[in-house]
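Residue 130 is where the sequence shown ends in the numbering used here, and the numbering goes up by one at each step. We put the CB at the ideal spot given by N, CA and C, even for glycine.
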Amino acid sequence: MSAAVSGSLFNNSAKWPESCLPDKRTVANDPVCMSKCVQVTYKGNTLTVPINNMCGGCAIDHVDFTDQAFLWLEPGGYTVGDAKGATIKYVRC
Numbered sequence: 038m039s040a041a042v043s044g045s046l047f048n049n050s051a052k053w054p055e056s057c058l059p060d061k062r063t064v065a066n067d068p069v070c071m072s073k074c075v076q077v078t079y080k081g082n083t084l085t086v087p088i089n090n091m092c093g094g095c096a097i098d099h100v101d102f103t104d105q106a107f108l109w110l111e112p113g114g115y116t117v118g119d120a121k122g123a124t125i126k127y128v129r130c
């Protein structure tokens with residue numbers, strides 16, 4: 038599970054090197070992705086996930102979650118799609 042945050046939080050000159058993960062996927066080598074997480078509370082559930090991607094069109098108070106993270110917060114499926122009323126905090130992880 039992970040999150041993508043507003044492109045305005047990123048350094049435009051950051052590189053996307055290969056990761057040490059088995060599939061060698063690239064990761065954003067940007068300060069916003071290093072030891073930073075998003076903690077979201079929604080409908081009594083709280084989840085903390087690492088930031089690992091940029092959401093170019095997202096406002097600073099908008100976060101895109103992976104499917105697994107969103108389903109953890111909204112177990113009934115994509116009935117909301119946009120979790121209005123969620124509390125978002127940027128935290129160290």
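Next item on the list: Can you tell me which of the three DSSP states Ala106 falls into?
Entry: helix
Next item on the list: Report yes if the CB atom of Cys74 is closer than 8 Å to the CB atom of Ile97, and no otherwise.
Entry: no
Checklist line | Residue environment, Val128, which counts as buried when at least 16 other CB atoms sit within 10 Å | finding: exposed
Notebook entry, point to check: Taking Thr103 as the reference, which of Gly113, Gly94, Val86, Cys95 has the closest Cα?
Noted result: Val86
Item checked: Whether Tyr43 touches Cys95 by CB criterion (8 Å) -> According to the sequence as given, residue 43 is Ser; it is not Tyr. Result yes, Cβ atoms of Ser43 and Cys95 sit closer than 8 Å.
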